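Since the structure comes first, as structure tokens, the remarks are kept for the end.
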Amino acid sequence: MFSLDDFGKLQFLEGRWKGQSADGKDFYEEYDRPDQRTFRSRRFNSEAFTDHSDGSTISFLDGEVLSTWGEFTWRASEIGAAHASFAPVQAATQFTWRRIDDRTLEAHQRWSTDGGEEQQHTIRMTKVIQIG
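Quick look at the structure:
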């Protein structure tokens, strides 16, 4: 069970970020908090941050923190001042966000293949600084 204060620790996600997907393509994500019980993620194809192509939400409800992306859902298992781990509810992966420093964020995913072999992938994102 988490408190609303615990949920607020996810503020380290807020901002605009640039990352590189597993296939080597750049992507841009923006995390914001439209209300006290919701964080929102939107993915963009360019650094202009217009016309988002994908998105997800992280919600606080009755002591649970749930991340939802399309048909997939994860439940927070741990939230700290600079990290958050999520276990699958209706998904094949688990993931952890970790704030490395003020300008760097990592997303680490783990999953098992059909044969039971553990796989993992880490994406490092850099904060996009707004000028003007």
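Taking the UniProt record's numbering, the leading residue of the sequence shown gets 1, the next gets one more, and so forth. Built from N, CA and C at the ideal position, the CB exists for glycine as well. Note that the coordinates shown come from a computational prediction; the quantities given were computed from them, not determined experimentally.
C-beta contact flag for residue i and residue j at 8 Å
i, j, result
"Phe7", "Val65", "yes"
"Ile14", "Arg33", "Note that residue 14 corresponds to Glu in the displayed sequence, not to Ile. A contact, by the Cβ cut-off of 8 Å."
Nearest neighbour of residue i, chosen from the options [CA to CA]
i, options, result
"Ile129", "Arg103, His83, Asp35", "Arg103"
"Ser46", "Arg99, Trp97, Arg16, Gly115", "Arg16"
"Thr68", "Ser56, Glu78, Val89", "Ser56"
"Met1", "Thr73, Glu29, Ser77, Leu10", "Ser77"
For residue j and residue i, the rounded distance between their alpha carbons
i, j, result
"Ala87", "Thr50", "31 Å"
"His52", "Ser3", "31 Å"
"Arg58", "Ala81", "Inspection of the sequence shows that residue 58 is occupied by Ile rather than by Arg. Rounded to whole angstroms, Ile58 to Ala81 spans 16 Å at the Cα level."
"Asp62", "Arg75", "13 Å"
"Phe27", "Ser21", "7 Å"
"Tyr31", "Glu118", "29 Å"
"Gln120", "Thr113", "10 Å"
"Lys127", "Asp23", "20 Å"
Status (buried if at least 16 other CB within 10 Å, exposed otherwise) for residue i
i, result
"Met125", "buried"
"Ala84", "buried"
"Arg110", "exposed"
Contact with chain C by residue i, beta-carbon distance below 8 Å
i, result
"Thr38", "Given the protein chain composition of this structure (a single chain), no chain C is represented."
Between the region 35-53 and the region 89-102, do three or more beta carbon pairs fall short of 8 Å? Judged by pairs of C-beta atoms under 8 Å, the region 35-53 does not touch the region 89-102, as fewer than three such pairs exist.
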